Structures are given as structure tokens and as C-alpha cells.
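Undergrad:
In my numbering, the protein residues as written are 5 to 97.
As C-alpha cells, this is what we get:
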């Protein structure tokens, strides 16, 4: 294969090859392998953004007694089997 790169990229490649004492072709192979390994992974900024959202949203989850949740889930299951809810979640018909 033959690739063309701009002068700045060629300079970076030459510098890396000299610093690592490796042929340029090996530096390119290793760089591509490293890049391919990271495809699909979150960047540090993306990971931080998602963790911040998690830290913000989790405390906003309402705390309810377990029995209340169990009863609501049972009502939902009954409603699905019966074709829909008979009472709205807010208690009104």
C-alpha cells in the first residue's frame, strides 16, 4: 500500500520513529493497531460527562418504600393481563 501524508504528519512520524528507534512502517503499524483498539471506546471527556450525568440523576430518583414499588409493579402486571389500567397512577379514574 502507498499512503500520502501532509508535511506535519510526516514530521511527526519521523520524530516518533527516531525517538523509538523503529522503522517508520513499524510506527505506522503500531499506531494503527492502537487506534483500532480504541475505536468504540469512550474518550475521557465522554466518560467524565456520563459519570457527571449519573451523579446528578441518581440522587433525583425518588425514594419510596419497597412495598409501594412492589404493589405498583403487581398492579402493572395485572393491568397488562387485563388490557390496561383501571386507575391512573395519580389515583384518579
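Positions of the beta carbon are idealized from the N, C-alpha and C atoms, including for glycine.
The structure displayed is predicted, hence computed values, not measured ones.
1) Quick one: residues in its chain with C-beta nearer than 6 Å to the C-beta of residue 32, no 5 flanking neighbours on either side, listed in chain order?
2) Could you check how far apart the C-beta atoms of residue 28 and residue 37 are, in whole angstroms? I think they sit under 8 Å.
3) Secondary structure at residue 24, three-state DSSP: helix, strand or coil?
4) Whole angstroms is fine: what's the gap from residue 68's alpha carbon to residue 84's?
5) Given this structure, state the Cα-to-Cα distance separating residue 63 from residue 56, to the nearest angstrom.
6) Can you give the Cα-Cα distance for residue 7 and residue 20, rounded to whole angstroms?
7) For a cutoff of 9 Å on Cβ pairs, would you count residue 55 as touching chain B?
TA: Quick answer:
1) Start at 1 with the first residue of the chain shown, and residue 32 comes out as number 28. Once the five neighbours on either side are set aside, residue 32 has no close Cβ partner at all.
2) As a working mapping, residue 28 is identified with position 24 in the chain shown. As a working mapping, residue 37 is identified with position 33 in the chain shown. Wrong, their Cβ atoms sit about 15 Å apart, outside the cutoff.
3) As a first step, residue 24 is located in the chain shown; it is residue number 20 there, counting from the start. Here residue 24 sits in helix by DSSP.
4) For the purposes of this step, residue 68 is taken as the residue at position 64 of the chain shown. For the purposes of this step, residue 84 is taken as the residue at position 80 of the chain shown. Going from the Cα of residue 68 to the Cα of residue 84 covers about 23 Å.
5) Here the question's residue 63 lines up with position 59 in the chain shown. Here the question's residue 56 lines up with position 52 in the chain shown. Roughly 12 Å separates the two Cα atoms.
6) By one-based count along the chain shown, residue 7 stands at place 3. By one-based count along the chain shown, residue 20 stands at place 16. The straight-line gap from Cα to Cα measures roughly 18 Å.
7) Absence of chain B from the displayed structure is noted, only one protein chain being present.
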